[in-house]
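**Q**
Residue numbers (the numbering used here), protein chains in the order written: chain S, 184 to 1026; chain H, 1356 to 1830.
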């Protein structure tokens, strides 16, 4: 494969880690670092944890079993069957067998050989061992100490600190997702105090936008979206959960509490409205309203969906394959899978059909108003009740008249010209009246009473009308109130059984009770079936080696572009042993030691010298560590989809920085939803403040996510996503150039340049650059901007209609008092700025 | 032959870095000229392990699940049993959708079958045009699937999995083979608009790139508005203005690159050039004015009507431009009721154009290396469904009919059969995984060796349960 020769290191992510030693065989072999990745990828499929497909009764993941089957002789590579089979030229002997299309290359063979020569010792998989906290000198930043230790070992040198402007841009992007104001940049550049950076960090950490920024990654892993996902993909009420996530990060809620509320917010001894909104986590799965969907089928899909979510969000374990069989690479069994699912067997959730409206989530004003409306209804009802005795007497008299033939229902008179529906009702009432009141069924009694009140009784009608109006008002208000799907526990638990090959129609499998994965340390529940609360407590217990590692690994990714272990959703055998395990473990321990304090970890990372390095790579760094796995520099990457939007809105001044609220619908191409059905839907573009909100508040339609977010790799959130793609596509250019959101941002930014940037074009260009890029333009940039102004200006002077069209893009008012032709010309300069790679890149 | 794993820096980004000495301008044109997404024009599989019979695929999706019993699978015995209970020996333990728990009664085929072609293949009278090309196609009457609700069944047909997040077949193929299209995406999806009764919802998931890089995802070509999202310039901006802005953007990006040496910038520059070219190439593609009256007549379409027929013609134009995977959706085949009233209408909307596509490709010499597939996501029950108004048929996964043509598929063949009542595939049953394996085989790819690491697994389009190339349909 020529591609392999061209890019040899691309093929070896596992050893990239030690970029400097790629291709070399380490002196001292470590099982976890060197051997397990080879055995897992090349051998475990047939000789691993899954007994169901094990060949030749040989398993290589357990040393005793491998020895018992004579797989190798410790210390004697030449006598080891394993190596002989790998080296064999016979197609029926060689391992891995040709049909697997897997081969073990020369380097891997040398690793195995040396490993056996050194005694073929095993280690438990690194991530299932408790994290160990390396000793770090007091007052030193653990991140820096452990990165330096590794760099020294590799012979790499750290990079110098980035300049002030880059630092503040980076910090704002990573902690708030918004560019800093030019004034803040200038102040920071001037601030010569030794603690200038530390003070900046504290200020940015306290920004209310911090929670918004932190929420994005979490919303991906829990697959938060506004719609149900399957088939009709109808809406559901969950946005208060999104705000709960934002609020939790802003309040620096301890991560253990954050976990408890999501998995068991309804079961907590101190459960309150807040914790119950958190429990919406259990409701974020996909559901269906499709006709003919079988409840058992979807009950099974939901169970598997929940297990995958817990696996991805907390455990960093890929569990999906264990729906059908024991995991091929990790010790996670099919029993573990269904036992984990059984924790959720009490969650009330219709297998098929419309989701309920959910719990009311009101602020104080809404509480007050609803209470007032309730009181009005109650008051009106009391007044109606006060008339009931009198009305009952009147009804009895009226009925007597009917029985005696005195009364005839007017709709049924021969000459009556009543609407058909009224006639039908009257007939039913007449039929009921023909029976004695004792003979009438409840429905008939109600029909008679309703008829009497609606058509006969007039004296107390005004009182009843007051009640009707009060009820209507209350209902109308209630419909507008925020609601959230939350978890409710049912005493009637669903029966959970192991489904052979994942087949929901197979009812022969064993029924299982809730239980923790057998291979991880956990408490003894002494025969009592544990609850979701027990599960949640275990997830964030000191015993569990996975949660803290999983969380800090994802956090690291936010600040360096890649996790310390590269595969953020898999800390198992097929994931990547972290090149710097001491660092991952130190952060995980620090996280737990400090009471699961997220902000403390974030602060520790961003205060480190490692974080503050420049992201400009030297040729040597690029050659030796192309993916920056060793952190001898910072990383550069394009910001997330939501932040691309936020940046343009912020620079232009259009951004409405409000926190939270219902999801919003910014401009979207017409007909984009035309392939939704049951029912067909139109997209009602928001106007006013809702139009210019941050990207994380955009309506998340799972089957048709907003095309501008999609173009920048926002996931559909049908499944948990720990790693977003970070692509570079022509569609992104089309979005930034032509999506009305960005065109409007450009023309509003242009108006700002004209009104705030002085009157000279040089000053305006400087103003524009400072606002968009937080730096002064270089001379050649000024030239490009001026040339563009000239050419575009000439066009609009010749075609003022075109200018008028351009500067009225979007809902923002066209500013009075600005020359439309001039504004149109500057709109192009603004547009160019918003399109620059530098504008959407964090460096 | 495992493709290389992904890395935080993309492969093309590295290309950019490596080629820096060449100069970014040259680089930009080199990369963008070859492939829309600045991916290597060549796919990750190189050289191909098998002879490549198909260079591209056109997949005609009849969403909703057409009834095999009124299209391609004649069942006289079922007619004879009309109104009688379905033998329980057949239906016991079967998963059903809307007929679950209902009385199961045989329902006769509602339309006559006629014999077509040299092989006298029996096809419903509703599809005379497809009948007229039967000597060029291979009919499979023994296809089966795992899923029985639309959404999971579409997911399964498109991605080989019922769990969201897997790449669709068009994405896999572009990843494996790269794209030959200049200025167009390698994977294009078109969904026809029509006067239908209850069109099936489709989800963008069906053309998602899943865990593959986003540049492999299908790009929807719209019948209305901008053919591609945000393709048109904003009001008040002409092509000249657009070009001036893009030139300025690229000059500034190049200056920035010279300062910081970030290889992603070269890619960004190339993408702006590509976007600009797409703004011209897509309208040229969708402009049917150059098509002859005879061609329009053959497809039976009015240019720009967004119909299935117009999309069939566009499919040919996309194929001519080297687009690797072209998928068309017609959304109205879910006939739980009103089968007799509805099916002829849907047949009329698709029959002629589907056949025209075959004829047109053939007359241009393109059928030899274009694989055409016509399929729903599942079949329908031989039992009547009468609980939704006038009679129809329920979803069914044990038997469905479909056809393939071109690219080394045996011509004029009927493959596989169902039992006398059309309930289950009997002779040569095929699975969706087999279908995918066969498609990949014709494209020159070994399905079992084409995998990407995802969540620890060697994930394949053809799944983990095993799949077999359907040798019996290969010419």
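We put the CB at the ideal spot given by N, CA and C, even for glycine.
1) Compute every distance between the C-beta of residue 1440(H) and the non-hydrogen atoms of the ligand FAD, then say whether any falls below 8 Å.
2) Between residue 1716(H) and residue 1828(H), how many whole angstroms is the CB-CB distance? I'm expecting something under 8 Å.
3) Does DSSP put residue 820(S) in a helix, in a strand, or in coil?
4) According to DSSP, which residues form a beta bridge with residue 680(S)?
5) Residue 1433(H) and residue 1712(H) look like a contact to me (Cβ under 8 Å); what is the Cβ gap, rounded to whole Å?
6) Note down the Cα distance separating residue 1381(H) from residue 1624(H), rounded to an integer number of angstroms.
7) Taking residue 900(S) and residue 491(S) to be in contact with their CB atoms under 8 Å, please state how far apart those CB atoms are, rounded to whole angstroms.
8) Is the Cβ-Cβ distance between residue 481(S) and residue 682(S) less than 9 Å?
9) Taking residue 662(S) as part of the alpha helix (DSSP H), name the residues at either end of that continuous run.
10) If you follow the alpha helix (DSSP H) that residue 1595(H) is part of, which residue opens it and which one closes it?
11) Using the C-alpha atoms, what's the distance from residue 1403(H) back to residue 1507(H)?
12) If you compare alpha carbons, which of 1680(H), 1762(H) and 1628(H) is closest to residue 1545(H)?
13) Can you tell which of 1826(H), 1825(H), 1818(H) and 1830(H) has its C-alpha closest to the C-alpha of residue 1517(H)?
14) Using a Cβ-Cβ cut-off of 9 Å, state whether residue 1454(H) counts as contacting chain S.
15) Using 9 Å as the limit for Cβ to Cβ distance, is residue 278(S) near chain H?
16) Is the Cβ-Cβ distance between residue 1728(H) and residue 1412(H) less than 9 Å?
17) If you measure from the beta carbon of residue 1576(H) to each beta carbon in chain S, is any gap under 9 Å?
18) In angstroms with no decimal places, state the Cα-to-Cα distance between residue 1405(H) and residue 1796(H).
19) Between 431(S), 963(S) and 291(S), which lies nearest to residue 843(S) when the distance is taken from Cα to Cα?
20) By the three-class DSSP mapping on this structure, what secondary structure does residue 1484(H) have?
21) Taking CB distances under 9 Å as the criterion, tell me whether residue 957(S) reaches chain H.
22) Could you compute how far the alpha carbon of residue 1478(H) sits from the alpha carbon of residue 1496(H)?
23) Are the CB atoms of residue 917(S) and residue 933(S) within a distance shorter than 9 Å?
24) For residue 598(S) and residue 605(S), what's the separation of their Cα atoms in angstroms?
25) Hey, is residue 511(S)'s beta-carbon within less than 9 Å of any beta-carbon in chain H?
26) Would residue 489(S) be called buried (16 or more neighbouring beta carbons within 10 Å of its own) or exposed?
27) Hey, quick one: how far does the alpha helix (DSSP H) through residue 1032(S) stretch, first residue to last?
28) Under 8 Å: do the stretch 435-449 of chain S and the stretch 711-731 of chain S share three or more Cβ pairs, one atom per stretch?
29) Along the stretch 1627-1653 of chain H, where does the CB come closer than 7 Å to a CB of chain S? Name the residues.
30) Indicate the three-state DSSP secondary structure (helix, strand or coil) for residue 1754(H) in the structure shown.
31) Given a limit of 9 Å on CB to CB distance, which residues of the stretch 957-990 of chain S reach chain H?
32) Please list, in chain order, all residues of the same chain as residue 189(S) whose beta carbon is under 6 Å from its beta carbon, the five residues on each side excluded.
33) Looking at C-alpha atoms only, which residue of 978(S), 657(S) and 814(S) is the closest neighbour of residue 341(S)?
34) Give me the subset of the stretch 837-862 of chain S whose CB atoms are less than 8 Å from a CB atom of chain H, sorted by chain position.
35) Return the CA-CA distance between residue 586(S) and residue 615(S), expressed in angstroms with no decimal places.
36) Just how far apart, CA to CA, sit residue 469(S) and residue 412(S)?
**A** This is what the structure holds:
1) Inclusion of the ligand FAD in the displayed structure is not the case, the ligand content being empty and no account of it being possible.
2) That belief does not hold up - the Cβ atoms of residue 1716(H) and residue 1828(H) are roughly 18 Å apart, past 8 Å.
3) DSSP places residue 820(S) in strand when its eight states are reduced to three.
4) Partner(s): 694(S).
5) Rounded to whole angstroms, the Cβ separation of residue 1433(H) and residue 1712(H) is 31 Å, and the two are not in contact under 8 Å.
6) Low local confidence applies: a pLDDT of 29 at residue 1381(H) is under 50, so the model's placement there is unreliable, and no value is given.
7) Incorrect: roughly 13 Å between the Cβ atoms, too far for contact.
8) If you check the CB distance, residue 481(S) and residue 682(S) do not come in under 9 Å.
9) Residues 644-663.
10) From DSSP, the alpha helix (DSSP H) with residue 1595(H) extends over 1594-1615.
11) Using only the alpha carbons, I get a separation of about 32 Å.
12) Among 1680(H), 1762(H) and 1628(H), the Cα nearest to that of residue 1545(H) belongs to 1680(H).
13) The option with the nearest alpha carbon to residue 1517(H) is 1818(H).
14) By this cut-off, residue 1454(H) is an interface position.
15) Using beta-carbon distances, residue 278(S) does not count as an interface residue toward chain H, since no partner is under 9 Å.
16) The answer is yes: Cβ separation under 9 Å.
17) Output row for residue 1576(H): interface = no.
18) It is roughly 7 Å from the alpha-carbon of residue 1405(H) to the alpha-carbon of residue 1796(H).
19) Out of 431(S), 963(S) and 291(S), 431(S) has the C-alpha closest to the C-alpha of residue 843(S).
20) Secondary structure at residue 1484(H): helix, using DSSP grouped into helix, strand and coil.
21) With 9 Å as the cut-off, residue 957(S) does not count as an interface residue toward chain H.
22) Those two C-alpha atoms are separated by around 11 Å.
23) Their beta carbons are not under 9 Å apart, which means residue 933(S) does not touch residue 917(S) by this criterion.
24) If you draw a straight line from the Cα of residue 598(S) to the Cα of residue 605(S), it is about 14 Å long.
25) For residue 511(S), at least one C-beta of chain H is nearer than 9 Å to its own C-beta.
26) A residue is called buried when at least 16 other Cβ atoms come within 10 angstroms of its Cβ; residue 489(S) meets this threshold and is buried.
27) In this structure chain S extends from 184 to 1026, so residue 1032(S) is not present and cannot be described.
28) Segments in contact, yes.
29) Within the stretch 1627-1653 of chain H, 1627, 1629, 1630 and 1633 place their CB atoms closer than 7 Å to a CB of chain S, listed in sequence order.
30) Here residue 1754(H) sits in coil by DSSP.
31) Within the stretch 957-990 of chain S, those residues whose Cβ lies closer than 9 Å to any Cβ of chain H are, in chain order, 961, 963, 964, 967, 968, 970, 971, 974, 975, 978, 979, 982, 984, 985, 986, 987, 988, 989 and 990.
32) At residue 189(S) the pLDDT is 31, less than 50, meaning the model places this residue with poor confidence; the figure from the coordinates comes in the next sentence. Same-chain partners within the cutoff: there are none.
33) For the residues 978(S), 657(S) and 814(S), the minimum Cα distance to residue 341(S) belongs to 814(S).
34) When C-beta distances to chain H are compared with 8 Å, the residues of the stretch 837-862 of chain S below that value are 852, 853, 854, 855, 857, 858, 859, 860 and 861, in chain order.
35) Roughly 11 Å separates the two Cα atoms.
36) Those two C-alpha atoms are separated by around 5 Å.
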